[in-house]
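Note sheet for the following structure.
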Amino acid sequence: MALKLGSLPPPHLSSSSTKARNASFFGRSLVPPLADVSCSSASLGKSYARLSVTCTAQTVSTSISQGTPVRPTSILVVGATGTLGRQVVRRALDEGYDVRCLVRPRPAPADFLRDWGASVVNADLSKPETIPATLVGVHTIIDCATGRPEEPIRKVDWEGKVALIQCAKAMGIQKFVFYSIHNCDNHPEVPLMEIKYCTEKFLQDSGLNYHIIRLCGFMQGLIGQYAVPILEEKSVWGTDAPTRIAYMDTQDIARLTFLAMRNEKANKKIMTFAGPRAWTTQEVITLCERLAGQDANVTTVPVSVLRFTRQLTRLFQWTNDVADRLAFTEVLSSDTVFSVPMAETYGLLGVDQKDIVTLEKYLQDYFTNILKKLKDLKAQSKQTDIFI
């Protein structure tokens with residue numbers, strides 16, 4: 150089937166409360182290039198309104214004649230070079246899947262993915278015309294991608310994801326796995342979380358068979374943020390926020406993802422994956438200090454300073470992207486707990502809680518097996534993104 154992107158419906162965004170949003174997203178138009186998305190807003194008792202997304206991607210003709218059946222083991226991993234994406238690829242290969250990785254064209258190719266046994270195709274979510282060819286012969290899409298820090302949030306995480314979902318619908322993809330953020334439906338004042346929620350709604354209304362997995366935090370991200378700076382006696386940046394996060398090992402996330410994919414009872418469900426315990430920033434730093442056997446040089450940044458910085462960066466158009474990312478200060482100051490009880494999810498997926506790695510165990514293994522050895526050899530680590 151020849152897919153013509155130009156034949157997809159034109160973008161449209163409407164709101165019953167034009168005063169609240171005026172078909173915009175914090176002052177900037179949130180209109181995907183390929184989607185026909187209608188939005189209505191309902192009051193949440195705050196000074197903002199919620200976008201209610203209705204996907205009309207089903208208007209794209211999907212009457213595809215019978216051809217060669219697509220193997221259920223054929224998957225496409227989008228964002229395969231990221232922290233979570235590479236663990237998803239490794240898990241899929243270990244379980245016998247035929248893995249194709251969608252990566253952006255880059256000067257240094259992702260050879261490690263090929264070395265593992267995956268195939269690599271080049272495409273860019275910000276360029277929708279590059280997407281359809283990558284979906285030929287694919288049964289399941291696992292979307293681990295997110296925009297780079299220097300990019301506008303909506304370029305990849307909204308416009309690119311809408312294009313990907315519409316192409317998946319038009320190409321007859323059988324299953325779509327989307328990683329979102331826990332509590333995204335409760336924080337429309339944070340652009341990335343609002344976009345994640347809108348993408349969830351768009352996917353739900355697309356007609357695709359889906360799994361939406363909301364995540365709380367990655368243990369791997371704590372290595373570069375706290376563990377390495379403490380061992381190298383560098384400053385560790387923290388906040389005085391009381392927010393607690395239940396970090397989870399990305400290897401466990403990948404394992405639970407494939408269990409959910411094979412479980413028919415998990416189809417078209419929203420699940421949240423959370424670690425065994427929720428931690429504050431100070432508790433994480435204290436744990437790293439204990440395991441490293443030395444004190445951290447902690448520089449504490451008050452949340453009020455971050456909030457003021459965000460307000461300042463919103464005054465200028467060229468710093469809007471910075472302001473969008475600093476919007477997480479609103480979450481930090483809300484005393485939110487990024488965690489959920491996992492008993493029901495473990496029961497659904499047939500997982501024993503004892504098999505889930507705790508943060509204490511993860512960091513203990515890291516300090517013992519890697520950084521301690523480097524320190525004993527008097528080697529200074531230049532790598533802050535090491536995965537074990």
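In the numbering used here, the protein residues as written are 150 to 537.
The C-beta atom is built at its ideal place from N, Cα and C for all residues, glycine as well.
Report yes if the CB atom of residue 401 is closer than 7 Å to the CB atom of residue 248, and no otherwise.
Their beta carbons are not under 7 Å apart, which means residue 401 does not touch residue 248 by this criterion.
Under 6 Å Cβ to Cβ from residue 334, same chain only, skipping five residues before and after it: list those, please.
346
Which of helix, strand or coil does DSSP assign to residue 335?
helix
Identify every run of the beta strand (DSSP E) within the region 213-300, keeping only runs that are complete inside it and at least 3 residues long; order them along the chain.
223-227, 247-252, 268-271 and 289-292
Can you find the residues in the same chain that come closer than 6 Å, C-beta to C-beta, to residue 236, ignoring five residues on each side of it along the sequence?
399, 400 and 403
Answer with buried or exposed for residue 605, where buried requires no fewer than 16 other C-beta atoms within 10 angstroms of its C-beta.
In the structure as shown, the chain begins at 150 and stops at 537. Residue 605 is therefore absent and cannot be evaluated.
Can you round the beta-carbon distance between residue 227 and residue 265 to whole angstroms, since I take them to be within the 8 Å contact cut?
That pair is no contact at about 17 Å.
Determine the direct distance from the alpha carbon of residue 222 to that of residue 493, and round the result to whole angstroms.
The alpha-carbon atoms of residue 493 and residue 222 are separated by roughly 27 Å.
Look at residue 424 and residue 395 and say whether their C-beta atoms are less than 7 Å apart.
yes
Whose CA, out of 497, 302, 328 and 252, lies closest to the CA of residue 359?
Of the listed residues, the one whose Cα sits closest to residue 359 is 328.
Apart from the five residues just before and just after residue 357, which ones in its own chain have a Cβ nearer than 8 Å to its Cβ?
314, 317, 318, 322, 324 and 325
For my contact list, residue 443 and residue 379 are in at a C-beta cut-off of 8 Å; report their separation, rounded to the angstrom.
7 Å
Closest residue to residue 225 among 217, 258 and 285 (Cα-Cα distance)
285
Tell me the DSSP bridge mates of residue 362?
328 and 420
Please state if the CB of residue 293 and the CB of residue 364 are separated by a distance shorter than 7 Å.
No, the Cβ-Cβ distance between residue 364 and residue 293 is not below 7 Å.
N- and C-terminal bounds of the alpha helix (DSSP H) containing residue 430:
430-441
If you drop the 5 nearest sequence neighbours on each side, which residues of the same chain put their C-beta closer than 6 Å to that of residue 448?
384 and 386
Tell me the DSSP secondary structure of residue 447 in three-state form.
strand
Determine the direct distance from the alpha carbon of residue 281 to that of residue 152, and round the result to whole angstroms.
Below a pLDDT of 50, predicted positions are generally treated as unreliable, and residue 152, at 39, falls in that range; the measurement from the model is reported next regardless. So the two alpha carbons sit approximately 7 Å from each other.
Give the straight-line distance between the Cα atoms of residue 375 and residue 408, rounded to the nearest whole angstrom.
31 Å
Please report the distance separating the alpha-carbon of residue 497 from that of residue 240.
Rounded to whole angstroms, residue 497 to residue 240 spans 20 Å at the Cα level.
If you draw a straight line from the alpha carbon of residue 291 to that of residue 229, how long is it in whole angstroms?
9 Å
May I ask which residues mark the beginning and end of the beta strand (DSSP E) holding residue 385?
384-388
Using only the alpha-carbon positions, how far apart do residue 341 and residue 303 sit?
Looking at the backbone, the Cα of residue 341 and that of residue 303 are separated by about 8 Å.
What does residue 394 pair with, by DSSP beta-bridge criteria?
428 and 487
Is it buried or exposed for residue 268, if we count other Cβ within 10 angstroms and need 16 for buried?
exposed
8 Å contact criterion, which residue 485 and residue 392 should meet: CB distance rounded
5 Å
Since residue 507 is in the alpha helix (DSSP H), which residue starts that stretch and which ends it?
Per DSSP, residue 507 belongs to no alpha helix (DSSP H) and is neither H nor E.
Residue 440 and residue 512 - do their beta-carbons sit closer together than 7 Å?
yes
Assuming contact is defined by CB atoms lying nearer than 7 Å, are residue 489 and residue 430 in contact in what I supplied?
no
Rank 273, 288 and 289 by C-alpha distance to the C-alpha of residue 306 and give the top, closest one.
273
Of the residues 287, 218, 297 and 499, the one placed nearest residue 253, counting alpha carbons only
297
Could you please give me the residues that DSSP links to residue 367 through a beta bridge?
Beta-bridge pairing links residue 367 to 397.
Exposure of residue 337, with buried meaning 16 or more beta-carbon neighbours within 10 Å
buried
For residue 320, which residues of its own chain have a beta-carbon under 6 Å away from its beta-carbon, when the five flanking residues on both sides are left out?
284
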